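**Q** Please find one structure pasted underneath; my questions will follow.
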Amino acid sequence: MTDVTRIFSHDFADMQALNSWEKIAEATGGELQVDTNFRLHFKNQIGEGRTSKVIFRFIRNLQNANSIDNFTLLEEGKELFNRIICYGKNRVVTSVKEDAASIAEFGLLEKVRHYTQIEDQDTLDEVAQEMLDFHKPVKVIPTIEPNKSKIDLFEYGVGDRVRVIIKHALLEFDQIHRILEINISVGRNNEENIKIKIAEIGTKAIKSDEEQLAELTQRVEDLES
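Every number in my numbering is 1213 more than the matching position in the sequence shown, counting from 1.
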């Protein structure tokens, strides 16, 4: 606990132990790490900078040079639109929100929603903006599956900053990203399958679309009530 230097207060009465530590980390700007022996570590920052040695690469038509076998976009199956028209109770109030940058890149994707319990303009504007922010298409960061023969699993770990190069029809970037999560599963013939969740520098967690949608749905219900 030597890294904890800031004074803060929080009510831990109804929280589980791990959630309490997460709140401590959030309040002090630190991070938590659970190792393979289930020991809990509190650090200013987890991981190391490995951008010069660990480069995950996927370039279309250059299979032999790639260190990424496959990648999965986080938005697959998600309803997408970049312009939304929201009507309130009896269509007395209307809110139209759009994202110009998204429309310019992906074309116009329009959606109409009805919120029969909302009567005031400010609330409807708030709902419309939150729906747009969640559903607008963006170039998302993928979950990558590395080629084990090109980059060994022991060369990187959770929290490390690594270089990621992807040049594909859907994505094209060469950026520094942080490893948030490493999932290893063992299939037939004891073959390991590795999936790595990455994020922009500064990101400490990524919520799934399902978690975000559940929170948004609850938020809208609260505003309608």
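Each residue gets a CB set at the ideal place from its N, CA and C atoms; glycine is no exception.
Fair warning: this is a prediction, and the values are worked out from it, not measured in the lab.
1) How long is the line joining the alpha carbons of GLU1404 and TYR1369, rounded to whole angstroms?
2) Please determine, among PRO1359, ILE1397, LYS1349, the residue with the shortest C-alpha to C-alpha distance to VAL1267.
3) For the alpha helix (DSSP H) containing GLN1334, name the first residue and the last one.
4) Can you tell me which of TYR1300, LEU1345, ILE1411, ILE1331 puts its alpha carbon nearest to the alpha carbon of ILE1316?
5) Please state whether DSSP places ILE1237 in a helix, a strand or coil.
6) Applying the criterion that 16 or more other CB atoms from any shown protein chain within 10 Å of the CB defines a buried residue, is ARG1270 buried or exposed?
7) When we look at the beta-carbon of SER1308 and count the other beta-carbons within 10 Å, is it buried (16 or more) or exposed?
8) Taking DSSP's pairing of strands, which residues face ILE1316 in a bridge?
9) With a Cβ-Cβ cutoff of 7 Å, do ILE1331 and LEU1322 count as a contact?
**A** Answer, in terms of the structure:
1) Distance between the alpha carbons of GLU1404 and TYR1369: 19 Å.
2) With respect to the C-alpha of VAL1267, the residue from PRO1359, ILE1397, LYS1349 having the closest C-alpha is PRO1359.
3) Taken as a continuous stretch (DSSP letters only), the alpha helix (DSSP H) holding GLN1334 covers 1334 to 1348.
4) The option with the nearest alpha carbon to ILE1316 is LEU1345.
5) The three-state reading of DSSP puts ILE1237 in helix, counting H, G and I together.
6) Buried.
7) When all chains shown are included, SER1308 counts as buried.
8) Partner(s): none; ILE1316 has no beta bridge.
9) Judged by their CB atoms, ILE1331 and LEU1322 are not nearer to each other than the 7 Å cut-off.
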